[in-house]
Amino acid sequence: MPYLSTEETVKELKRALSNPNIQSDRLRYRNYIMRVIRSMTQGLDVSALFMDMVKASATVDIVQKKLVYLYMCTYASLKPDLALLAINTLRKDCADPNPMVRGLALRNMCNFRMPGMTEYIHQPILTGLKDKASYVRRVAVLGCAKMQSLQPNAEIDATIVNELYGLLRDPDPVVMVNCLRALEEILKHEGGVVINKPIAHHLLNRLKELDSWAQGEVLTFLLRYKPRGEDELFDMLSLLDGLLHSSHAPVMAATLRLFLQLAAPHPAVQADALEQARGPLLATCGSQSRELRFAGLCHVQQVLRSQPAQFGVHYKRFFCGYSEPAYIKFRKMEILVELVNDENVGLVLEELRGYCTDVSPELAQAAIAAIGRIGRTYSEKCLDILTGLLGLKQEHITSAVVQTFRDLVWLCPQSTATVCQAVEGCEESLQDSEGKQALLWLLGMHGGQISNAPYVLESHIDGLKTEMSSVVKLELLTAAVRLFLLRPAETQDMLGRLLHYCIEEESDMNVHDRALFCYRLLECGLEETRRVFQGPKSDPCMGVLTGCPQEPINSWASKFNTLWLLGASEVVPASSDTAASDQPAHSSQGDALAEAVDEQLSIPEEGQQSPDLSLGAPLSHEAFERHWLELCVTHREALGFQGPPSASESLQAALQLVKIQTLAFSRESTTPWKAYLYTHGSGTLILAELLQDESEAGNSSTGLVVSLKQLPENKMAIQEFVSVLRTVLQTLTKDGS
Amino acid sequence: MPRGGEVQRGGVQTGVRGMAQESEICAKIKGTMISQVFILTSKGDHLIFKDFRGEAGVDAINAFYESVTALSGDQPPVVMTHKDMHFIHVRQGGLYWVASTKTSASPFTIIEFLNRLTALTKDYCGTLCEKSVRANFALIYELLDEMVDYGYIQTTSTDILKNFIQTEAESSKPFSLFDLSNVGLFGADTQQSKVAPSAAATRPIMANRGEQGGKNEIFVDVIERLAMVIGSNGIIMKADIEGEIRVKCYLPNCSEMRIGLNEGLSIGKSQLRGYGSAVRVDECSFHQAVKLDEFDTYRIIKVCPSQGEQVIMQYQVCDDLPCPPPFRLFTSVERDSGNRLLLYLKLRCDLPPKSAAINVSISVPVPKGAISLSQELSSPDQRAELQPKNKAVLWEIPRFPGGSQLLALFKMEVPGLSSASLLEVGPVGMCFELPKHTCTGLQIRFLRLTPTQPGSSQRWVRYVTHSDSYTIRV
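First to last, the sequence lines map onto chains A and B. For the first sequence, full-length UniProt numbering assigns the number 737 to the last residue and increments by one with no breaks. For the second sequence, full-length UniProt numbering assigns the number 474 to the last residue and increments by one with no breaks.
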């Protein structure tokens, strides 16, 4: 076909559609209508043909009718006046003896998205609700919702709402489910369809008649129902028990979500449900559809955060398939890291070792990082593997290994000696800036144990002119000063050259300023420099973040079987009240705490807003760690409490009530005791560290110290956060004593 | 059943309207609401675009296409967010099948819906590819119109849908007797006259009226996917089988079908095994419509198949393979005096002598920078090539009879070869098909249709095992 511009195409189609010869030949006419639809799909604007298409709608040919309706629904909002011409035909069709024609006409008439449509569709919808064919009733029920959306500000029509509640008892299951959906939309400003006890029981009883889509939908609506007592709850759950084993993944997932949320006060029931659904969940992870596999993996990963032991024996299910796409392999590796235990660590590492030489550099690097994470617990085995990989002398592998080494040394100081031995001689195969930074950091920090450290540093300093990355130059400056403090005799000369070059010739202002700073600091004397440059060599306390406590199931139950678990970013920041309503009920102890906290919060003088904190999007440990390392402390305050609160779990529960999420905390009796918290508030993200360090002599009177980091900065939010935190701690200490 | 008066509206709170933002409320609505469905080619051409709710314009397609093509290899593409719209897509037949939504819908539901849409398209159009979707776009619009109303899934059952679908399918490839010649299931190359032609199951379910009078056929396929990891010492590290029984039915009226499985089939790990070699699966699940009243005693499944394709049973076996692994590989990697790497491979097929594996391909990772492959293979129909991009040698064997053994020697020039480079000869991956073979040993004893179909009906039972992932460490 010759290329035609939009205008020409439209002209040609218009000519054809109005040609009486074509109009009389049914097949040719239909073919031209198909061409119109095809152009429409391709994105051409064929709205100019509206008049001709209206004419084509008056036909007995149902296929042609359907095509024309599709066209009209698309362009009705652009040509409201012409669309009105079609309404007569449609209304006539609504009274056709054939239910299929009636349903089709009603559905499409309701799909005309243009103002003023309501008056034409109101009557046909009401008639349709009473139609004897269920097909038409299905359409009419959803028509009610469409009608409401056409005039969002109009009053809710109480008769229609009542009619819809009545139709919940319709013999056709799809009509029933459509009623729920329509009511949900019509009443959305009032909190959606009301699921009271009779309705809930009615839905539960009819669950068996429904197809799997409808089952999933009804189960989601049932989330809104709160059973009156334990008996009712357990009756409900035992009714739903069988659906946990459904072979249809959507039903299984919806049932599991319902179990988790309804049984929020009964952790044992939740655990049992997860146990029962383990088989089906694992089956989705091996499904033939990759996308379903991915969804299954994401959910397994979430379950693991609360129940690390759940999938330990099934670790082989998460070995990567040879032909799987990268995104699935990444997920599987993350899962493998999480379910490592004493029994399977050897086999898991062996498997991960195989991925390190993968043809995709990203995958290989991720595998190396995964081994590094396992190394935080099983350092010896992992160090062997990583050291072996250095022998391959491949840029991307060496770079990833050196970066992993840096993180390992920081978290597990016992691995320092092995790492220092291994990094000797790997500098040649490092090309990328991340790898260089990691190596330089190791040289600066642990240069004392790396015999050739000055030579490596010197080669970097000599190659400074060709170095492109300013971050590497900054790291080089730091490393050179640190190494100078450790081995002055060997380093002095090259440090001088480095500073000279950076101060005199460097064009990057950051590097220049940093060099100048180093120079002036050195002028102040060695002691001063040492105080500034030599911090701690490792922070085993950060290890708290990795050996984190299990996340309570209730913290994610409401997210289960939603897109959030698959990495959809949260669009609407949930305001605090929506978060509260979505939160499952807490144990009675928690409630008492909540009341106590609420009392405390309501005391402050009139007019003061209660702090606007929210849990918001959950932060992963990795993200927290990244933010924590990037940001600097904006606020530090001694809270004046002695010792960590009695029970860490109650602290966690209490903080959750005031919308502060506890990410990790150390065990009660350990010193220093630490806890990491975060919350969202007033548009900022607040990260906090609680530290109780009694070991420092002379400082013991300060007690619990809170350090805050924030992104972006907001002083008000900090004040609010601290005051909330103080209140919670006060309440807890009061309780404890 | 609640009586009339009992179903009432609960307490309605008023006065909050307009306070909360529209979109925020929208995100809170329970239920799975699909805003748009569209099908794109891999180049981004629009094949189908159906807007159910009018929440976003056509430009959503471009937003989707831009974000999906901009993803790097490690980012998961399944769910993507643009502004307040989430896009969920599956890739099938080289096309993007996309649904968008504004709610925090159930990912399982939407993914399964899209999978179902592709399955229905395949049922109605015969095959799943750009060409067939292009040719049948009117039919697909019609399908979508009946499947989803205002973004809510109404029905996806072929039995119900076929009453509403009026458009006739345009089969992209006319069904000809030539296809019947010698192609087995999934393109398998077999000379057996008893094997059903693969093309037979790729025609539209609604045969063009009048043509061939609609051939009465039913296909029951037992398909197993094998995932194995074999350690370098030959020990099986992992062996999983995912199996399914798939029925593809072209019979216009079939009230009930009885499928008899092996009588000795035992289910679950705990069940005591019968006499040694009984067939066993760990877990199994059935399609909703399957009746199981005779399953416990006689292992008979009863089902009323609707037209089109459906999976009636799924089962899994983990970590305990009833038969020896189909392939064993013995490798030896050597480095000769120069920069040459020598790779000896001995591959043995442990299938029973009557069966054979087909389309076997073996991918052996080799050190980076390997050049100039020289090869010694035992027969001319085999092929081997060095793929520098994948850092691998690909060895292909079109047909590999059970009980036989093949040898191969590969010599490669690797500049700068060191002893550490030998480590790069990583796990070997294999792909293959085993026609007429199930690893679990699951068999279909009989297949009975009631009422007995008039003369022309044909029943086909086919078995095949695919390699899902078959890895042998060296």
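From the three backbone atoms N, C-alpha and C, an ideal C-beta is built for every residue, glycine too. Remember, predicted model here, so these are calculated numbers, not experimental data.
On a Cα-Cα basis, can you pick out the residue from the options that is closest to residue i?
i, options, result
"B:Ala-119", "B:Thr-109, B:Ala-392, B:Ser-157, B:Ser-106", "B:Ser-157"
"B:Asp-240", "A:Gly-286, A:Val-251, A:Gly-346", "A:Gly-286"
"A:Gln-64", "B:Lys-43, B:Ala-138, B:Leu-449", "B:Ala-138"
"B:Ala-408", "B:Val-58, B:Ile-88, B:Ala-135, B:Tyr-344", "B:Tyr-344"
"B:Asp-145", "A:Val-300, A:Arg-169, A:Arg-107", "A:Arg-107"
"B:Thr-167", "B:Val-148, B:Gly-151, B:Tyr-141, B:Asp-468", "B:Tyr-141"
"A:Asp-7", "A:Met-34, A:Leu-49, A:Ser-558, A:Ile-22", "Just to set this straight, residue 7 of chain A is Glu in the shown sequence, not Asp. Taking only the C-alpha atoms, the option nearest A:Glu-7 is A:Leu-49."
"A:Pro-198", "A:Lys-659, A:Arg-169, A:Asp-25, A:Glu-380", "A:Arg-169"
"B:Ala-105", "B:Lys-30, B:Ser-418, B:Thr-450", "B:Lys-30"
"A:Tyr-69", "A:Asp-81, A:Asp-45, A:Ala-95, A:Val-101", "A:Val-101"
"A:Asn-90", "A:Ala-182, A:Asp-358, A:Leu-78, A:Lys-66", "This sequence places Leu at residue 90 of chain A; Asn is not what is there. The residue with the shortest Cα to Cα distance from A:Leu-90 is A:Lys-66."
"A:Met-34", "B:Ser-35, B:Ile-48, B:Ser-42, B:Thr-41", "B:Ile-48"
"A:Glu-689", "A:Val-511, A:Ala-364, A:Glu-217, A:Phe-624", "A:Phe-624"
"A:Pro-536", "A:Val-409, A:Gln-431, A:Glu-630", "A:Val-409"
"A:Cys-632", "A:Ala-479, A:Pro-712, A:Ser-558", "A:Pro-712"
"B:Phe-52", "B:Val-461, B:Gln-154, B:Thr-465", "B:Gln-154"
"A:Leu-274", "A:Ala-283, A:Glu-291, A:Leu-244", "A:Leu-244"
"B:Arg-203", "B:Ser-457, B:Ser-418, B:Tyr-124", "B:Tyr-124"
"A:Thr-118", "A:Lys-132, A:Ala-145, A:Ala-95", "A:Ala-145"
Can you pull the DSSP bridge partners for residue i?
i, result
"B:Ile-301", "B:Ile-259"
"B:Cys-249", "B:Ile-218, B:Gly-308"
"A:Trp-556", "None, per the DSSP bridge assignment."
"B:Val-333", "B:Leu-343"
"B:Glu-224", "B:Gly-243, B:Thr-465"
"A:Ala-638", "A:Val-705"
"B:Gly-429", "B:Ser-363, B:Thr-471"
"B:Thr-101", "B:His-86"
"B:Cys-284", "B:Tyr-315"
"A:Lys-11", "A:Lys-11 is not bridged to any residue."
So, are the CB atoms of residue i and residue j less than 7 Å apart?
i, j, result
"B:Phe-327", "B:Gln-375", "no"
"B:Ile-39", "B:Leu-114", "no"
"A:Cys-382", "A:Ala-367", "no"
"A:Ala-200", "A:Tyr-225", "yes"
"B:Cys-349", "B:Phe-400", "yes"
"A:Val-728", "A:Ala-654", "yes"
"A:Leu-566", "A:Ala-295", "yes"
"B:Val-222", "B:Ile-236", "no"
"B:Ser-100", "B:Met-85", "yes"
"A:Arg-376", "A:Leu-411", "yes"
"A:Arg-482", "A:Phe-533", "yes"
"A:Ala-249", "A:Thr-284", "yes"
"B:Arg-258", "B:Arg-448", "yes"
Mind reading off the beta-carbon distance from residue i to residue j? Whole number of angstroms is fine, and I expect it under 8 Å.
i, j, result
"A:Ser-77", "A:Met-109", "Not quite, the Cβ-Cβ distance comes to about 14 Å (not below 8 Å), so this is no contact."
"A:Ala-370", "A:Gln-403", "So it is not a contact: roughly 13 Å between Cβ atoms."
"B:Val-366", "B:Ala-392", "6 Å"
"A:Val-36", "A:Tyr-75", "That pair is no contact at about 10 Å."
Can you check whether the C-beta of residue i is within less than 7 Å of a C-beta belonging to chain E?
i, result
"A:Trp-556", "Among the protein chains in the structure shown, which are A and B, there is no chain E."
If you measure from the CB of residue i, is any heavy atom of the ligand MG nearer than 6 Å?
i, result
"B:Ile-111", "Ligands displayed in this structure: none; no statement on the ligand MG is therefore possible."
Worksheet item: Three or more C-beta pairs closer than 8 Å, one from the segment 218-236 of chain B and one from the segment 278-297 of chain B: is that the case here?
Response: no
Fill in: Inter-stretch contact (C-beta, 8 Å, three-pair minimum) for the segment 352-360 of chain B and the segment 430-448 of chain B
yes
Item to complete: Count the C-beta pairs between the segment 332-348 of chain A and the segment 84-103 of chain B that are closer than 8 Å, then say yes if the count reaches three, no if not.
Response: no
Discussion item. Measuring CB atoms only, is the segment 657-665 of chain A touching the segment 674-681 of chain A, in the sense that at least three cross pairs come out at less than 8 Å?
Written reply: yes
Worksheet item: Is the segment 247-258 of chain B in contact with the segment 295-314 of chain A, if contact means three or more CB pairs nearer than 8 Å?
Response: no
Discussion item. Quick check: the segment 432-451 of chain B against the segment 364-378 of chain B, are at least 3 beta-carbon pairs closer than 8 Å?
Written reply: no
Item to complete: Decide if the segment 260-269 of chain B is in contact with the segment 330-347 of chain B; the criterion is three or more beta carbon pairs, one per stretch, under 8 Å apart.
Response: no
Item to complete: Determine contact between the segment 469-481 of chain A and the segment 504-518 of chain A, defined as no fewer than three beta-carbon pairs at a distance below 8 Å.
Response: yes
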